Amino acid sequence: MRTQHAPIRPNFEHTLLWDSDQVPPNTYKKVVLWRQYCTNLDPTQFISLPEYVEEHSLRLRNKYLAFINQVGESDHNGENVQKLLQIRPSFSYWWMTLFASTRWHPSSHSTEAIKLLALEELLMITGWSGLDVVTDSDLILEISQQLCAGYDKTCSAAIPKISTSKRSTLHLFRRHIFPALLVFVRQIFRLMQVTPLNKLESKSDLMIFDHLIRFDEEAALAGRFDSQYWRMLAPHFELMDTRVTWLHQFVKSTSMPTPKDADVLLRKLNKASNEPHCLFETRPTITTLTKSIRDFAHLVRSTKKLRTISETFVPEGSKANLWPLFNDEWFDSMCGRTAIRHCMSLSIIEETLASTPHCNTGLFMMENQPWEMALIHAWRSAGHGRLIGVVNAPIRFWDLRYFYNDLGRNRPAPNQVAVNSPISRNLLEEVGVPTTEIVDVEALMYQYLNNPLQAEQTSGADVLILGDFFTQISESVLNIVLPLIKTKFAHCKIFFKPHPANRNSWDYLAADGIVVTDLPLSKLFATCGTVISPSSSTGAVEAYCANKHVISIPDPTTLNFSALKTIKDVQFASNSEELAFALENPINSLSVDNTTFLYFDESLTKWKKLLWPGYPSDSANIV
27 MRTQHAPIRP NFEHTLLWDS DQVPPNTYKK VVLWRQYCTN LDPTQFISLP
77 EYVEEHSLRL RNKYLAFINQ VGESDHNGEN VQKLLQIRPS FSYWWMTLFA
127 STRWHPSSHS TEAIKLLALE ELLMITGWSG LDVVTDSDLI LEISQQLCAG
177 YDKTCSAAIP KISTSKRSTL HLFRRHIFPA LLVFVRQIFR LMQVTPLNKL
227 ESKSDLMIFD HLIRFDEEAA LAGRFDSQYW RMLAPHFELM DTRVTWLHQF
277 VKSTSMPTPK DADVLLRKLN KASNEPHCLF ETRPTITTLT KSIRDFAHLV
327 RSTKKLRTIS ETFVPEGSKA NLWPLFNDEW FDSMCGRTAI RHCMSLSIIE
377 ETLASTPHCN TGLFMMENQP WEMALIHAWR SAGHGRLIGV VNAPIRFWDL
427 RYFYNDLGRN RPAPNQVAVN SPISRNLLEE VGVPTTEIVD VEALMYQYLN
477 NPLQAEQTSG ADVLILGDFF TQISESVLNI VLPLIKTKFA HCKIFFKPHP
527 ANRNSWDYLA ADGIVVTDLP LSKLFATCGT VISPSSSTGA VEAYCANKHV
577 ISIPDPTTLN FSALKTIKDV QFASNSEELA FALENPINSL SVDNTTFLYF
627 DESLTKWKKL LWPGYPSDSA NIV
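No gaps in the numbering here: position 415 of the sequence shown is 441 in the working numbering, and each next residue is one more.
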């Protein structure tokens with residue numbers, strides 16, 4: 027039940043922070059909209075935080091990244107956080123904390139933190155005598171009060187009297203440590219039914235670490251691993267006489283709800299396959315369990331040493347203490363459920379790679395998640411060859427997982443980062459990743475887009491709606507579409523394609539005449555001329571390169587994760603009225619050559635030169 031707050035006594039000379047979907051009042055001189063755009067509102071009176079963040083995105087992103095590094099470098103009795111969390115001679119657990127990994131997830135509160143930094147800037151620019159706050163978020167209320175107090179201003183909102191800066195040992199045990207121990211026991215029983223990796227004794231030339239998703243399960247049962255990620259590259263392994271070992275990260279799905287189910291499928295695949303396929307998360311040994319508990323105990327002790335960590339969550343040059351946003355995440359990473367899972371993951375990965383024969387090259391799907399930090403460390407510690415992180419889709423400007431400034435250069439990183447898009451290369455170079463560590467490769471999943479016939483398929487009566495990884499964002503898009511079902515979409519077929527990692531049921535959409543499908547985009551594009559997508563969807567890039575009429579739906583509750591945000595002929599619609607206008611007034615598609623977004627070449631010359639350095643260079647035009 028949400029905390030009840032005392033009603034605000036308006037002071038119309040104050041600035042109003044309006045965190046609501048309702049129409050804001052016009053009786054204040056200045057109104058800052060937390061989660062709305064300034065559509066049809068007086069820009070001299072109303073300021074949209076989402077729009078301000080977008081306008082000043084580069085400065086705010088750099089400021090936030092510097093803040094994260096500031097916490098990691100902060101001193102506590104003569105040692106910084108990274109040093110205190112060093113659980114191996116060459117590895118700090120800091121890089122596996124949820125805070126340092128800058129997850130793209132609603133519970134990470136990164137969006138709120140960046141908006142609060144933007145709010146502070148706005149208040150200083152516009153001048154303010156005080157702040158009235160309308161929000162149902164206790165966190166925003168608490169930080170707003172602290173911000174006002176820092177500048178000796180009044181804040182009209184009543185703040186619940188809770189302390190987030192100090193936690194007693196008993197509280198930590200009840201809230202985090204005891205549940206973590208229960209998870210530890212559960213994980214043991216959960217993984218005991220998975221085939222242990224110590225049976226992998228054959229030497230391989232290449233190890234591939236990916237997510238067990240986007241593959242043909244029927245083909246796997248017949249002994250053939252047909253993955254959307256690697257389909258184009260796989261035939262070359264046999265041609266180049268390359269021995270490959272596959273290690274898959276378990277992803278829960280309807281057909282594979284547990285690691286045991288996934289393991290059963292992989293064992294059937296292995297009976298008919300010449301290449302071993304195993305789960306990355308495997309049966310723990312006594313050694314790995316012992317190391318996990320030892321590491322967890324180290325983190326618990328470090329939590330006590332870092333009892334003043336809350337004081338470091340004030341970005342340089344700011345008076346906003348962002349600790350309330352991150353304290354639960356911090357303790358979960360340090361002594362909670364996440365901490366024990368990460369400790370187990372680290373010890374299992376270390377033992378797996380230490381017992382595996384030397385491998386010359388490793389590839390992994392790079393998203394800079396905590397398990398990847400463990401993989402990079404374990405791979406190097408085991409003395410294997412080069413490790414290449416593969417960025418599967420164009421990097422988005424606000425996907426903070428990929429960015430770190432000079433202060434974060436000691437973060438574990440692969441030898442090379444393989445990117446399939448000029449967008450990704452440019453963004454990585456902008457934040458200081460050495461050009462020598464970035465290598466261009468062809469976009470394996472999207473080569474079909476370079477077919478001249480595909481570019482001609484701009485027409486088509488059907489409409490495709492793309493879903494997001496996060497259910498809330500998918501529902502937001504559908505809420506904008508549904509009012510138009512009986513008018514704008516009355517004479518066409520509407521498809522909804524959920525994100526492959528979203529496990530929600532969307533069957534209810536059938537009542538509105540929407541067909542839920544898991545067909546690949548390449549087949550849906552054959553009949554769908556219009557594609558409506560969340561701004562964060564990489565499918566929107568794919569649709570744009572396929573010369574479709576793309577309408578992107580931005581979400582003001584989060585950051586603009588669109589890779590197409592700078593493209594003039596992509597239309598954006600924030601409500602049903604704007605969507606109706608975009609449908610009636612389509613603009614010319616694909617004004618920019620699709621090679622601006624992706625590298626094309628069906629012969630995969632770049633990939634061959636990367637994986638097989640002795641491969642002869644060729645003069646083919648890679649476009």
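We put the beta carbon where it would ideally sit given N, CA and C, even for glycine.
Quick caveat: nothing in here was measured; it's all calculated off a predicted structure.
Item                                                                                                                             : Value
Which of helix, strand or coil DSSP assigns to residue 564                                                                       : helix
Residue closest to residue 625, alpha-carbon to alpha-carbon, out of 62, 469 and 307                                             : 469
Minimum C-alpha distance to residue 438 - residue among 303, 360 and 117                                                         : 117
For residue 402 and residue 389, believed in contact at Cβ under 8 angstroms, the rounded distance                               : At roughly 13 angstroms, the Cβ-Cβ gap does not stay under 8 angstroms, so residue 389 and residue 402 are not in contact.
Reference residue 453; option with closest CA among 497, 76, 88 and 64                                                           : 88
Distance CB(residue 475)-CB(residue 589) smaller than 8 angstroms                                                                : no
Proximity of residue 374 and residue 307 at Cβ, strictly below 8 angstroms                                                       : yes
Distance CB(residue 130)-CB(residue 427) smaller than 8 angstroms                                                                : yes
Proximity of residue 43 and residue 54 at Cβ, strictly below 8 angstroms                                                         : no
Where residue 114 falls: helix, strand or coil (DSSP)                                                                            : strand
Residue burial classification, residue 546 (beta-carbon count within 10 angstroms, cutoff 16)                                    : exposed
Continuous beta strand (DSSP E) assignments of at least 3 residues falling wholly in the stretch 467-519                         : 488-492
Where residue 449 falls: helix, strand or coil (DSSP)                                                                            : helix
Residue from 305, 208, 207 and 272 whose Cα sits closest to the Cα of residue 217                                                : 305
Spatial distance of residue 632 from residue 444 (CA atoms)                                                                      : 10 angstroms
Secondary structure, beta strand (DSSP E): runs of 3+ residues fully inside the stretch 518-553                                  : 520-523 and 540-542
Nonlocal neighbours in the same chain, by C-beta distance under 6 angstroms from residue 634, ignoring five residues either side : 641
Cβ pair residue 163, residue 47 closer than 8 angstroms                                                                          : no
Heavy atom of the ligand COA within 7 angstroms of residue 548 beta-carbon                                                       : Here there are no bound small molecules, and the ligand COA is not part of this structure.
4-residue-minimum alpha helix (DSSP H) runs that sit fully inside the stretch 330-389, ordered along the chain                   : 349-361 and 363-380
Pick from 297, 74 and 371 that is closest to residue 276, judged by C-alpha positions                                            : 371
Given 8 angstroms, three or more beta-carbon pairs between the stretch 595-606 and the stretch 490-507                           : yes
Helix, strand or coil at residue 105 [DSSP, three-state]                                                                         : strand
Rounded C-alpha distance that separates residue 521 from residue 558                                                             : 10 angstroms
Selected residue, minimal CA-CA separation from residue 56, among 40, 471, 222 and 581                                           : 40
Straight-line Cα distance separating residue 68 from residue 458                                                                 : 40 angstroms
Whole-angstrom C-beta distance between residue 493 and residue 523, which should lie under 8 angstroms                           : 6 angstroms
Contact check, residue 61 vs residue 622, beta carbons under 8 angstroms                                                         : no
Nearest residue (CA-CA) to residue 268, options 539, 302 and 237                                                                 : 302
Nearest to residue 420 (by Cα), restricted to the options 446, 171, 288 and 281                                                  : 446
Own chain residues within Cβ distance below 6 angstroms of residue 348, not counting five before or after                        : 139 and 339
Cα-Cα separation between residue 50 and residue 489, rounded to whole angstroms                                                  : 34 angstroms
Residue 141 and residue 59 closer than 8 angstroms at C-beta                                                                     : no
Rounded distance between the beta-carbons of residue 293 and residue 222, thought under 8 angstroms                              : Going by Cβ atoms, the distance from residue 222 to residue 293 rounds to 12 angstroms, so no, they are not a contact pair.
Residue 361 and residue 326 closer than 8 angstroms at C-beta                                                                    : yes
Contact the stretch 78-86 vs the stretch 142-162: 3+ CB pairs below 8 angstroms                                                  : yes
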